[in-house]
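Residue numbers for the sequence shown follow this note's numbering, so the first one is 17 and each next one is one higher.
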Amino acid sequence: PNPVEDEIVAIAIVDWAGNVLHEGKYRPSRMELWQAASEVNGVAPDNQIDLPSFFDDQVKIKEIIWGADEVIVYNAQHVMRFLGHNDAAPASGARVTDTMYEYCLWLGVTNRNYNRFAHIELTDAADHIGYVRPDGTSTSLANALACVAVQKWIERQRREEQ
Numbered sequence: 017p018n019p020v021e022d023e024i025v026a027i028a029i030v031d032w033a034g035n036v037l038h039e040g041k042y043r044p045s046r047m048e049l050w051q052a053a054s055e056v057n058g059v060a061p062d063n064q065i066d067l068p069s070f071f072d073d074q075v076k077i078k079e080i081i082w083g084a085d086e087v088i089v090y091n092a093q094h095v096m097r098f099l100g101h102n103d104a105a106p107a108s109g110a111r112v113t114d115t116m117y118e119y120c121l122w123l124g125v126t127n128r129n130y131n132r133f134a135h136i137e138l139t140d141a142a143d144h145i146g147y148v149r150p151d152g153t154s155t156s157l158a159n160a161l162a163c164v165a166v167q168k169w170i171e172r173q174r175r176e177e178q
């Protein structure tokens, strides 16, 4: 996905305890079908036509993110490009933790083709640690909760190694 051409159609923000700070699904401003977003999030322009725009919640999302000392995301490089393009990136002093990077670092898994850490899907990482997604949660919320669970698991593994 490209943050200039693609849009934020769903976002969930939770705190370290798993409390939902924000959850939203949004109407795309460009009426086109994006196969990847539909497959991952179950969203498409036709089922979001009556929803608000991301920009209706932009100030609230920005306040939550800017108020954080640390922002924990899965695949931060990708997510930060979308947040930055939509003027909702963390404040310059905030720590951004990439749970995918931390997970790959802990496992020692690299992408042999690019001499960098591999890309491991969040669902695979969550399955590996035995995280069971709560029933009835939307995909963006389930992903936010899974990200926190994986990050907590990584931190427990590090403490146990010490």
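Glycine included, each C-beta is placed from N, C-alpha and C at the ideal position.
For clarity, every value in this text was computed on a predicted model and none was experimentally measured.
Where do the ends of the alpha helix (DSSP H) carrying residue i lie?
{"i": "Ala33", "result": "It is not in any alpha helix (DSSP H) - Ala33 carries neither H nor E in the DSSP assignment."}
{"i": "His135", "result": "First-last for His135: undefined, no H or E at that position."}
{"i": "Asn159", "result": "155 to 177"}
{"i": "Asp72", "result": "70 to 82"}
Leaving out five residues on either side along the sequence, give the residues of the same chain with a beta carbon under 8 angstroms from the beta carbon of residue i.
{"i": "Asn159", "result": "Ala28, Tyr90, Leu138"}
{"i": "His38", "result": "Ile27, Ala28, Ile29, Asp73, Lys76, Ile77, Ile80"}
{"i": "Asp66", "result": "Arg43"}
{"i": "Arg111", "result": "Asp85, Glu86, Val87"}
{"i": "Ser154", "result": "Ala26, Ala28, Glu39, Lys41"}
Compare the C-beta of residue i with all C-beta atoms of chain D and state if any pair is closer than 9 angstroms.
{"i": "Pro106", "result": "Judged by its chain identifiers, the structure shown contains no chain D, having just a single protein chain."}
How about residue i and residue j: are their beta carbons less than 9 angstroms apart?
{"i": "Phe98", "j": "Pro19", "result": "yes"}
{"i": "Ala105", "j": "Ile81", "result": "yes"}
{"i": "Tyr119", "j": "Asp73", "result": "no"}
{"i": "Val36", "j": "Leu157", "result": "yes"}
{"i": "Ala84", "j": "Met116", "result": "no"}
{"i": "Ile88", "j": "Thr113", "result": "yes"}
{"i": "Gly40", "j": "Phe71", "result": "no"}
In the DSSP assignment, what are the bridge partners of residue i?
{"i": "Gly186", "result": "In the structure displayed, the chain extends from 17 to 178; residue 186 sits before or after that span and is not available."}
For residue i, I'd like the list of residues in its chain whose CB is within less than 7 angstroms of its CB, leaving aside the five on either flank, ordered along the chain.
{"i": "Ala162", "result": "Leu138, Ala142, Tyr147, Arg149"}
{"i": "Asn169", "result": "Inspection of the sequence shows that residue 169 is occupied by Trp rather than by Asn. Only Ile145 meet the Cβ criterion."}
{"i": "Pro44", "result": "Glu23, Val25, Pro61, Gln64"}
{"i": "Val164", "result": "Val30, Trp32, Gly34, Ile88"}
Suppose the cutoff is 6 angstroms on Cβ atoms and the five residues either side in sequence are ignored; what does the same chain contact list for residue i look like?
{"i": "Val125", "result": "Ala134"}
Checklist entry - In the region 86 to 119, which residue ranges form an unbroken alpha helix (DSSP H) of at least 4 residues, counting only runs that do not cross its ends? => result Every alpha helix (DSSP H) stretch that sits fully inside the region 86 to 119 and reaches 4 residues is listed by chain position as 92 to 101.
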